[in-house]
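Protein chains: 2
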Amino acid sequence: MLDERKRNILKEIVDEYIATAEPVSSAVIVEKYESNISSATVRNDMAELEKLGYLEKTHASSGRVPSAKGYRMYVDELLKDDNISLEEIKYIQEKLENKADSIEELTKIATTTLSEITHYTTVSVGPKTSGQIIEEIKFVLLGNRMLMGIIVTDTGLVKETIIKFDEDITAEQVDTLNYYFNNKLQGEPIEKIDASLEEYIFRELKYSVKIIRPIIEQMKKLIQEEENIYLEGANKSFELPEFKSLELAKNFVNILDTKELMLDILNTGFAEDIQIYIGDENDNKELKDFSVVTFKHSVGDKDLGTIGIIGPKRMNYSKVISVMKYISKKLNENDNFNKKD
Amino acid sequence: MLDERKRNILKEIVDEYIATAEPVSSAVIVEKYESNISSATVRNDMAELEKLGYLEKTHASSGRVPSAKGYRMYVDELLKDDNISLEEIKYIQEKLENKADSIEELTKIATTTLSEITHYTTVSVGPKTSGQIIEEIKFVLLGNRMLMGIIVTDTGLVKETIIKFDEDITAEQVDTLNYYFNNKLQGEPIEKIDASLEEYIFRELKYSVKIIRPIIEQMKKLIQEEENIYLEGANKSFELPEFKSLELAKNFVNILDTKELMLDILNTGFAEDIQIYIGDENDNKELKDFSVVTFKHSVGDKDLGTIGIIGPKRMNYSKVISVMKYISKKLNENDNFNKKD
DNA sequence: GTTAGCAGTCGAGAATATTGAGTGCTAAAC
DNA sequence: GTTTAGCACTCAATATTCTCGACTGCTAAC
Numbered sequence: 000m001l002d003e004r005k006r007n008i009l010k011e012i013v014d015e016y017i018a019t020a021e022p023v024s025s026a027v028i029v030e031k032y033e034s035n036i037s038s039a040t041v042r043n044d045m046a047e048l049e050k051l052g053y054l055e056k057t058h059a060s061s062g063r064v065p066s067a068k069g070y071r072m073y074v075d076e077l078l079k080d081d082n083i084s085l086e087e088i089k090y091i092q093e094k095l096e097n098k099a100d101s102i103e104e105l106t107k108i109a110t111t112t113l114s115e116i117t118h119y120t121t122v123s124v125g126p127k128t129s130g131q132i133i134e135e136i137k138f139v140l141l142g143n144r145m146l147m148g149i150i151v152t153d154t155g156l157v158k159e160t161i162i163k164f165d166e167d168i169t170a171e172q173v174d175t176l177n178y179y180f181n182n183k184l185q186g187e188p189i190e191k192i193d194a195s196l197e198e199y200i201f202r203e204l205k206y207s208v209k210i211i212r213p214i215i216e217q218m219k220k221l222i223q224e225e226e227n228i229y230l231e232g233a234n235k236s237f238e239l240p241e242f243k244s245l246e247l248a249k250n251f252v253n254i255l256d257t258k259e260l261m262l263d264i265l266n267t268g269f270a271e272d273i274q275i276y277i278g279d280e281n282d283n284k285e286l287k288d289f290s291v292v293t294f295k296h297s298v299g300d301k302d303l304g305t306i307g308i309i310g311p312k313r314m315n316y317s318k319v320i321s322v323m324k325y326i327s328k329k330l331n332e333n334d335n336f337n338k339k340d
Numbered sequence: 000m001l002d003e004r005k006r007n008i009l010k011e012i013v014d015e016y017i018a019t020a021e022p023v024s025s026a027v028i029v030e031k032y033e034s035n036i037s038s039a040t041v042r043n044d045m046a047e048l049e050k051l052g053y054l055e056k057t058h059a060s061s062g063r064v065p066s067a068k069g070y071r072m073y074v075d076e077l078l079k080d081d082n083i084s085l086e087e088i089k090y091i092q093e094k095l096e097n098k099a100d101s102i103e104e105l106t107k108i109a110t111t112t113l114s115e116i117t118h119y120t121t122v123s124v125g126p127k128t129s130g131q132i133i134e135e136i137k138f139v140l141l142g143n144r145m146l147m148g149i150i151v152t153d154t155g156l157v158k159e160t161i162i163k164f165d166e167d168i169t170a171e172q173v174d175t176l177n178y179y180f181n182n183k184l185q186g187e188p189i190e191k192i193d194a195s196l197e198e199y200i201f202r203e204l205k206y207s208v209k210i211i212r213p214i215i216e217q218m219k220k221l222i223q224e225e226e227n228i229y230l231e232g233a234n235k236s237f238e239l240p241e242f243k244s245l246e247l248a249k250n251f252v253n254i255l256d257t258k259e260l261m262l263d264i265l266n267t268g269f270a271e272d273i274q275i276y277i278g279d280e281n282d283n284k285e286l287k288d289f290s291v292v293t294f295k296h297s298v299g300d301k302d303l304g305t306i307g308i309i310g311p312k313r314m315n316y317s318k319v320i321s322v323m324k325y326i327s328k329k330l331n332e333n334d335n336f337n338k339k340d
């Protein structure tokens, strides 16, 4: 459908617009990229590309700007080369090397690094609790009336919670709790901590409600727990020319401030590959003026969290995708937390 | 120095400016507050108040706007009555009642509530680790090569960390660790976890470096740990007319995004009372166009965290102070976490 | 299919005019 | 001495007009 030259010109226009944030004129294309043809020829091609929906004009006599369809084409078919420097590779390696104490920590470091290199606002969320397999449960007595409950899952995730009681707990009771909970739950998915578990423990242990109830309550809270959202470089976006529009800037802050929306964004990506949502492609219409790019921090089929970038539609997709790909690969290699020992 | 009428007029101007964000004219004062005197009289008083530095003009023929000194006078001497409704009191009571699982959680709930009622951006930070007294230390074996280290302090703060090893750990080793660590550290301030502790443990236990080193490292990290900043209602500020200025909006996002700055803000308040910093009064010049109001979540002399509001200089001090006072009082009463049991 | 050339469009920015919300000051009234 | 009416003056904000020039689209020639 599109001949080689038109494809090139489309790519050049998107590149140029990403670089300058100004509508791109035929003259600029000739000057910087296509010295062999005249601006009139470029204009003809541009008119064609506009008719096909890849380009738009901001007003009748302006240069061209990519449409959502134009960006999509650019991302899907025109971007081929990686866009990541040796320095950036070295920087990422250094950052991700072994320093994290936990999966969540590693995801955070990756999120920060991603923001540092791309200069966009990045965001991440830890692994989903649901679906994880319980490897071990442990209750630890702290003082006389406080327990810490700890769950270790197959992905290496460790979750803990404090449980308080109105009466004293004995060491023997703790041992018994450990025995029964592990007996029932080891190897089971974490969702098995539910009402039926409470019944089971009641039946087997016959402890007072005052002891069993708080434990079950807290453990349930633990697995339903809202994920912690980690945000980095919110201020960086404000340097971008699109945020000169107060309206847009306000929308952006609103988005970042709305937890549910952020979780939505981070939970849409299912595949392990990089997901790209450009403008209207986002499910949520609040995001119609922005682009979102996400990927899963995962090892094998284990979901260890999701990391994303939120920025203007005029995003440096090339850089963003290249850097994400590399970080994703490194996270996979750097699999410290999935070792079975 | 200021007669009664001038004080009233100053208060009225500040009130009016807080309410409308528009420079206040003599006519408005007569219309809304001082129906007995003429606008010319008000103008004379305003000129006087300006000469004394309490008021400013935005340009030669504009109405008056409070200066920093004016706000300071307003806050220190002119605000007397509480400004909190029964509904608000009920709402706060409901929110703070018993629902938190930990001090940090309670602080977060209070922070959110404060933002909901005042419609300003609020921020908080958990209790400072330093200075806390260790009540108990516990190591728990998870799997064969992973420990969880737990510290419980006198304020009820529970901190935990994961420690990973390259070799297996036995249950006996864990028992011994528990014994020696508690023996050495119970009743001591948390800073005692340092190099000399490492020596002591080495001397007494003679375990391999491979075991001792990671433990000490992680425990040290735990106490140095950067506090988690909790931010609520960043978007609310953007509805305010002062944030029409892109410059100011950008500064604001920058401030919220800079952890060090936020910690600075939250760490300046020493006394238990409410601290108010208006514009230039802030130590950091990034904050010169904003006001910061903070108070400590504390019980007795125990610091359990700090909560603050960041907003425009034209802040509703009356409401903010009243609500903070009430929340502060409630947090004190609601002292679930300081019970010795 | 390509290109030169030119008319036409329209946003951006500068220059100017208009309005009206304020003040400060003066002189008279209290 | 304090208060007030009255009026001249100031100045931001807004609207109006003008000019400029960066573009395109189209036509006709190559």
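Chains S and H are the protein sequences, given in the same order. Following numbering that gives the first Met the number 0, the residues of the first sequence are numbered contiguously, the last one being 340. Following numbering that gives the first Met the number 0, the residues of the second sequence are numbered contiguously, the last one being 340. Just so it is clear, CB atoms sit at the ideal spot from N, CA and C, and this is done for glycine as well. Only a predicted model underlies this, so the values are computations on that prediction, with no experimental measurement involved.
Asked                                                                                                                       : Found
is_contact[S:Asn337, chain H] using C-beta, thresh 7 Å                                                                      : Caution is warranted here: a pLDDT of 47 is assigned to S:Asn337, below 50, making its placement in the model unreliable, and the coordinate value is therefore given only provisionally. No, S:Asn337 lies away from the interface with chain H (no Cβ there is under 7 Å from its Cβ).
Range covered by the beta strand (DSSP E) that runs through H:Asp153                                                        : Per DSSP, H:Asp153 belongs to no beta strand (DSSP E) and is neither H nor E.
Members of the stretch 230 to 242 of chain S near chain H, C-beta cut-off 9 Å                                               : Leu230, Glu231, Gly232, Ala233, Asn234, Lys235, Ser236, Phe237, Glu238 and Phe242
Exposure of S:Thr19, with buried meaning 16 or more beta-carbon neighbours within 10 Å                                      : exposed
Distance, H:Ile12 Cα to S:Met261 Cα                                                                                         : 42 Å
DSSP bridge partner residues for S:Val345 (one or two, in chain order)                                                      : Absent from the structure is residue 345 of chain S, since the part of chain S shown begins at 0 and ends at 340.
Per DSSP, cross-strand counterpart(s) of S:Arg63                                                                            : S:Val23 and S:Lys56
Continuous beta strand (DSSP E) stretch holding S:Ser123: start and end                                                     : Thr120 to Val124
Backbone CA spacing between S:Asp153 and S:Lys107 [nearest angstrom]                                                        : 20 Å
Burial state of H:Gly299, where buried means 16 or more other Cβ atoms lie within 10 Å                                      : exposed
Contact under 7 Å by Cβ, H:Gly125 with H:Gly307                                                                             : no
Cutoff 7 Å: H:Asn250 Cβ touching any chain S Cβ                                                                             : no
Residues of the stretch 114 to 130 of chain S with Cβ closer than 8 Å to any Cβ of chain H, in chain order                  : none
Residue span of the alpha helix (DSSP H) that contains S:Phe237, given as start and end                                     : Here S:Phe237 belongs to no alpha helix (DSSP H), and DSSP marks it neither H nor E.
CA nearest to the CA of H:Thr293, picked from H:Gly278, H:Asn266, H:Arg313 and H:Asn315                                     : H:Asn266
Secondary structure of H:Glu226, DSSP reduced to three states                                                               : coil
Span separating the alpha-carbon of S:Tyr119 from that of H:Glu246                                                          : 19 Å
Among H:Glu332, H:Tyr325 and H:Asn331, the one whose alpha carbon lies nearest that of H:Lys89                              : H:Tyr325
Under 7 Å from the C-beta of S:Lys219: neighbouring residues of chain H                                                     : Those within 7 Å of S:Lys219 in chain H number zero; the least Cβ separation is about 12 Å.
Outcome for H:Gln92 when other beta-carbon atoms lying within 10 angstroms are tallied against a minimum of 16              : exposed
Of the residues H:Asn177, H:Met45, H:Ser24 and H:Asn283, the one placed nearest H:Leu1, counting alpha carbons only         : H:Met45
Host beta strand (DSSP E) of H:Lys105 (start-end)                                                                           : Going by the sequence as given, residue 105 of chain H is Leu instead of Lys. No beta strand (DSSP E) contains H:Leu105, which is instead part of the alpha helix (DSSP H) from Ile102 to Thr117.
Identity of the residue in H:Glu259, H:Asp80 and H:Met314 nearest H:Ser321 by Cα                                            : H:Asp80
Rounded separation between H:Leu77 and H:Arg6 - CA only                                                                     : 7 Å
The stretch 170 to 179 of chain S contacting the stretch 219 to 229 of chain S, beta-carbon criterion three pairs below 8 Å : no
is_contact[H:Ile17, chain S] using C-beta, thresh 7 Å                                                                       : no
Under the three-state DSSP convention, the category S:Asn337 falls into                                                     : Note that S:Asn337 scores a pLDDT of 47, beneath 50, so its modelled location is shaky and nothing firm can be said.
Residue-level contact to chain S via CB, H:Asn266, 7 Å cutoff                                                               : no
Straight-line Cα distance separating H:Ile228 from H:Ala67                                                                  : 28 Å
C-beta neighbour in chain S for H:Val298, strict 7 Å                                                                        : no
is_contact[S:Glu87, chain H] using C-beta, thresh 7 Å                                                                       : no
Expected contact under 8 Å - CB spacing of H:Ile155 and H:Ile102 to nearest Å                                               : Reading off the sequence shown, one finds Gly at residue 155 of chain H, where the question assumed Ile. Their Cβ separation, rounded to whole angstroms, is 6 Å, which keeps H:Gly155 and H:Ile102 in contact under 8 Å.
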